[in-house]
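Residue numbers (the UniProt record's numbering): 1 to 402.
Idealized CB from N, CA, C, for every residue including glycine.
This report refers to the structure that appears directly beneath it.
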């Protein structure tokens, strides 16, 4: 401990030993327009990684939880936001400022949050308001304030209230934005934001509900690249749905467990699998219009045209993915994919811009293009690259949490 005699401020100092701190990554997000990667671990600590053109470096480790991190989320949909939320298995929620690693607010909820999506809506012509939409080990959707972390209201269900496995916010032409959630049992529900500014503690009830023949949904994704479709990723399959009626346009069974996915073009998607692989799929274009029956044509099936190469993760390593659209210097949008595992390995991939050319080439060669990580890093590599002898006060094996 170091004590400042003038202010009575006591600063704890930790000097790690010859081994890197344990950091079994359970969550990953990217903020500050791609400049900061944030990872949460099963040990409860959080690491902020600085991303530069020549590499990724761990910049800061922050402590605010005594249990595994179950969720990380930015407080705003703005890609330049510096603040983020962390949640743990004991219900603790912390609000962090990534600029200096300070904890701005900390509260405890009687809930375990698994996913949080920020949303900003217009109150008036000059005023906006932001909210955080949360799902987890509880029924329906809880809305919290991003500033004080208090619960504001809930999105409730009249039909089959249940835990929500996945959610997304959709933009609709000539209609109010809406939030879509899929329950554990496969019930898809839509809550409109039409009355969001008038909502009270009684909450908002769903406008639509439909049972889908799909279970164990991991994520759902919708994109303005093709506002007519929605991607659903489940453990054993992924599907493309018509956003108007939620009927399946494309169904693809998976030979290994799928974990995450996103729409990367009007007719292309990326799906992350449990072995750490991210596959880029070309969708059959005529199926996206709803023409014909599934499987009725020779070229009716999606095919893999790109594989984002794995760097050593296996089925025994817990893998997490994050997909992010970054605004580049020339104002163009570039999609990045990030992968992290329980050995504190992080990889960043740039999704190729020439997707149509790549897909056409693969149709000729019948071999998917292998795409290497743009950047990769691990705590073990950082420690091995440190030429200075670290003074070993204690190793992380001695650090126990309650």
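Query: Could you give the first and the last residue of the continuous beta strand (DSSP E) run that contains residue 365?; Result: Here residue 365 belongs to no beta strand (DSSP E); instead the alpha helix (DSSP H) covers 355-365.
Query: So, helix, strand or coil for residue 329, using DSSP?; Result: coil
Query: When the Cα of residue 301 is compared with those of 287, 43, 310 and 35, which residue comes out closest?; Result: 287
Query: Pairs of beta-carbons, one from the stretch 108-128 and one from the stretch 183-201, closer than 8 Å: are there three or more?; Result: yes
Query: For residue 214, which three-state DSSP category applies?; Result: coil
Query: Rounded to whole angstroms, what is the Cα-Cα separation between residue 135 and residue 114?; Result: 6 Å
Query: Can you list, in chain order, the residues of its chain whose CB lies under 6 Å from that of residue 253, leaving out five sequence neighbours each side?; Result: 237
Query: Assuming residue 246 contacts residue 282 under a Cβ cut-off of 8 Å, what Cβ separation, rounded to an integer in Å, is found between them?; Result: No, residue 246 and residue 282 are not in contact; Cβ-Cβ is about 23 Å, not under 8 Å.
Query: Confirm, please, whether the CB-CB distance from residue 179 to residue 251 is below 9 Å.; Result: no
Query: For residue 72, does the three-state DSSP call read helix, strand or coil?; Result: strand
Query: With a CB to CB cut of under 7 Å and the five nearest residues on each side skipped, what residues in its chain are close to residue 362?; Result: 305, 368 and 369
Query: Applying the criterion that 16 or more other CB atoms from any shown protein chain within 10 Å of the CB defines a buried residue, is residue 158 buried or exposed?; Result: exposed
Query: Mind checking who residue 350 pairs with in its DSSP beta bridge?; Result: 336
Query: Flag this pair as touching only if the stretch 55-71 and the stretch 350-364 have three or more C-beta atom pairs under 8 Å; answer yes or no.; Result: no
Query: Hey, would you say residue 264 sits closer than 9 Å to residue 249, going by beta carbons?; Result: no
Query: Any idea what DSSP makes of residue 52, helix, strand or coil?; Result: strand
Query: Considering only the alpha carbon of each residue, which of 102, 384 and 85 lies closest to residue 147?; Result: 85
Query: Can you look up residue 323 in the DSSP assignment and give me helix, strand or coil?; Result: strand
Query: Nearest to residue 184 by alpha carbon, out of 213, 258 and 89?; Result: 213
Query: Hey, quick one: how far does the alpha helix (DSSP H) through residue 238 stretch, first residue to last?; Result: No alpha helix (DSSP H) contains residue 238, which is instead part of the beta strand (DSSP E) from 237-242.
Query: My assumption, with CB atoms under 8 Å, is that residue 71 sits in contact with residue 94. Please give the rounded CB distance.; Result: The Cβ separation is near 11 Å, so there is no contact.
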